[in-house]
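**Student:**
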Amino acid sequence: MSLKLSASFGGCNTMQILSSTAAHGSAKKLYPYQLCAIETLFEKMQAGTDQLRLLFQLPTGGGKTVIFSEIADRFIKQYGKKVIVLTHRQELCKQTSLAMKNAGVFNKVVDSKVKRIAKKDYYHCYVAMVETLKHRIDDGLINTDGVGLVIVDEAHHNSFHKLLKKFPAARIIGVTATPFSADATLPMKSFYSELVLGEQINSLIGQGFLAKPKSFAYEVELNTLNRGIHGDFTVSSSDELYSSKVMLDLLVHAYREHGLGKKTLIFNNGIFTSRKVLEVFQQAGYPIRHLDNQTENAERIEILKWFKKTKGAILTSVSILTTGFDEPSVQSVILNRATTSLTLYHQMIGRGARRLPGKKTFTIIDLGNNAERFGEWDAPVDWQHVFENPEIYHQILAKANDDIHQMPAEMRNRFPNSTGIAFDVLAAYQTAMDKGEKAKTVLRDSIRQHAIMCADNADTVSSALELAAELDKEIDWRIKQYAKCLGSVTKNYIKWLGSDYRSRLHGLIEKVMSRRAAMRAAV
């Protein structure tokens, strides 16, 4: 997504911020851009109706909990009505409640233990998981009449929408880093009337609030991945690819080249892959632990404490650290997976973006062609345009997600007589290694396939050689994949491989065509 950045807030200045802070007596540590966001949101709430629905966008690491804690505090003091903060996961519920308490907003968690909230309950703020609250309301155990403000954390999740209608007399503020619904049939503009933009990633980096990324991307052959019913790549096909020896070797190589000794998070799509990563890194002598959503709570707490205090620690995980995890000491993030989710892409990388006094940069290692699909994490994005025209961006992402390496249609049409044109270099290399064969057999088999394709679709040697020229981009792709399998190779060697490949291809085409001509003549 190469999009022009929209302006953020229009009109906050230092004098307004300072006078507002004095008026509200805020002793909390709020940065100027956070105060600006608070003022903008509160002004819109005061000017709007009780049915006002605002969506606030702020990058991961920008301090959205701090911002909506202050908004909740001011709202309660000014209007005397109750505030409910909605989350979509149990651990987020507890973390948000604690963060709000630390900000001076006393609140009560509505979880499975809370069956009813009395009308005269002295709490003015509640933090609830969406499903639990819905059940309590549906059962008539919670009265929503006194609720004046609903704050929706991680508002891009579609699970919240069914609950918003339960608060007809409440103002609603949704908060998200990516105001874009993964479901094209449920655009965010159909639930929120206006998008309010916070400070953007590149601005927060420039002001020193977020660390600057250093990105390293490895092009990976993803044509074995399958998509599930929700659009993202399936766990089973991801496990098959990323638990292979070739990809594990590439992961270790990438870590050694760019993450060695750094506190590192490795994100995977499947538990099987993550455990294979654990095994390989342990065998290599690196300090590493594994965490997933099936890990017992006590063990999870112990692992996170270990990760926090251990220098150069590595944590390989699945579906557990993308939201609600805040460890500023993370120095490196490895995307050991491919995803079609823009939100997940931002969430994973954002785990490493927190600043510390001695940390100005962090490392991104991309092993899933994700930056190619979505653009660089810190590149400007016109979120206002995304919010207003989500169908355009669904089309853009669909095209990017479909751009998993395949022969282009126009090139494919030049080989109508060939049924098999795909060739998985990584899989072929893995097979060769398993059989104890030399690596060069991979290129031998690839050249043989290309030669047969050209011969099957040409009548003469010259026309077959012309078809071979059509395969230049495909040949370059296969050579790059092969070079990755070998590890560290020079550009000159890659160039030589390409030249040798074409030379051998031309020679084999001539042999095949000559042999076929001789067979026809004999008949």
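Just add 74 to the spot in the sequence shown (first one is 1) and you have our numbering. Just so you know, even glycine gets a beta-carbon here, dropped at the ideal spot from N, CA and C.
1. Give the straight-line distance between the Cα atoms of ILE466 and GLY154, rounded to the nearest whole angstrom.
2. Across the region 438-450 and the region 375-394, are there enough close Cβ pairs to call them in contact, namely three or more that are closer than 8 Å?
3. Just to confirm the assignment: which complete beta strand (DSSP E) runs, minimum length 3, are found wholly within the region 249-317?
4. Can you tell which of ILE583, GLY222, PHE436 has the C-alpha that lies nearest to the C-alpha of PHE241?
5. Which whole-angstrom value describes the C-beta separation of PHE341 and ASN443, a residue pair presumed to lie in contact below a C-beta threshold of 8 Å?
6. Taking only runs of the beta strand (DSSP E) that begin and end inside the region 112-189, which ones reach a length of at least 3 residues, in chain order?
7. Just the C-alpha distance for TRP570 and SER577, rounded to the nearest angstrom, thanks.
8. With a threshold of 16 other CB atoms inside 10 Å of the CB of ILE423, please say whether the residue is buried or exposed.
9. For ASP414, name the three-state secondary structure that DSSP assigns.
10. Taking the beta strand (DSSP E) that ASN443 falls in, what are its first and last residues?
11. For SER391, name the three-state secondary structure that DSSP assigns.
12. By Cβ distance below 8 Å, which residues in the same chain neighbour ARG363 in space, the five residues on each side in sequence not counted?
13. On the three-state DSSP scale, how would you describe ILE216?
14. Can you give me the C-alpha to C-alpha distance between LYS512 and ALA591, rounded to a whole angstrom?
15. Taking the alpha-carbon positions, what's the THR218 to SER318 distance?
16. Quick check: the Cα distance between SER100 and VAL309, rounded to an integer number of angstroms?
17. Relative to the C-alpha of VAL586, which residue among HIS524, ALA596, VAL159, ALA243 is closest?
18. Who are the Cβ neighbours of GLN405 in its own chain at under 6 Å, not counting the five residues just before and after it?
19. Work out the CA separation of LEU271 and GLU113 for me, nearest whole Å.
20. When DSSP builds the beta bridges, which residues end up paired with LYS433?
21. With H, G and I counted as helix, E and B as strand and the rest as coil, what does DSSP make of SER406?
22. Taking DSSP as the reference, what is the three-state secondary structure of HIS198?
23. I'd like to know whether the C-beta atoms of TYR292 and ASP440 end up nearer to each other than 8 Å.
24. Looking at the unbroken beta strand (DSSP E) that takes in HIS364, where does it start and where does it end?
25. Report the residue from HIS468, TYR200, ALA177, GLY432 whose alpha carbon sits nearest the alpha carbon of LYS286.
26. Is the beta carbon of ARG486 sitting closer than 8 Å to the one on LEU541?
27. For the structure I just gave you, are there three or more beta carbon pairs, one from the region 253-263 and one from the region 518-538, closer than 8 Å?
28. How long is the line joining the alpha carbons of PHE307 and ARG594, rounded to whole angstroms?
29. Count the other CB atoms within 10 Å of the CB of GLU373; is the residue buried (16 or more) or exposed (fewer)?
30. Report the rounded CA-to-CA distance for SER492 versus ALA529, giving the unit in angstroms.
31. What runs of the beta strand (DSSP E), each 3 residues or longer, lie entirely inside the region 530-585?
32. Look at the Cβ atom of LYS182, then the Cβ atom of TYR200, and state whether they are nearer than 8 Å.
33. For ARG518, which residues does DSSP report across the bridge?
34. Using the C-alpha atoms, what's the distance from PRO253 back to ALA229?
35. Could you tell me the alpha carbon to alpha carbon distance between GLY333 and THR417, rounded to whole angstroms?
36. Could you spell out the range, first to last residue, of the alpha helix (DSSP H) harbouring ILE345?
**Tutor:** In short:
1. 42 Å
2. no
3. 268-271, 286-291
4. Nearest option by C-alpha distance: GLY222.
5. Actually they do not touch by this definition, with Cβ atoms about 14 Å apart.
6. 127-131, 156-161, 182-184
7. Looking at the backbone, the Cα of TRP570 and that of SER577 are separated by about 10 Å.
8. A residue is called buried when at least 16 other Cβ atoms come within 10 angstroms of its Cβ; ILE423 meets this threshold and is buried.
9. For clarity, residue 414 is Thr in the given sequence; the question names Asp instead. Look at THR414 here: in three-state DSSP terms it is coil, with no helix or strand label.
10. Segment: none, ASN443 is in no beta strand (DSSP E) and carries neither H nor E.
11. strand
12. LEU352, ILE377, TRP380, PHE381, ALA387, ILE388, LEU389, THR390
13. Three-state result, ILE216: coil.
14. About 33 Å.
15. 52 Å
16. In this prediction, SER100 has a pLDDT of 48, which is less than 50 and means its spatial position is unreliable; what the coordinates show is noted afterwards. Straight-line Cα distance between these residues: approximately 47 Å.
17. HIS524
18. LYS336, LYS337, PHE436
19. 13 Å
20. LEU430
21. strand
22. In the structure shown, HIS198 falls within a coil segment according to DSSP collapsed to helix, strand and coil.
23. yes
24. The continuous beta strand (DSSP E) containing HIS364 extends over residues 362-366.
25. Taking only the C-alpha atoms, the option nearest LYS286 is GLY432.
26. No. Outside cutoff.
27. Taking 8 Å as the limit for Cβ pairs, the verdict is that the region 518-538 does not touch the region 253-263.
28. 48 Å
29. Counting the other CB atoms within 10 Å of its CB gives GLU373 a total below 16, which places it among the exposed residues.
30. 10 Å
31. none
32. yes
33. Paired residues: none, contrary to the question.
34. 8 Å
35. So the two alpha carbons sit approximately 24 Å from each other.
36. Counting along the chain, the alpha helix (DSSP H) containing ILE345 begins and ends at 345-357.
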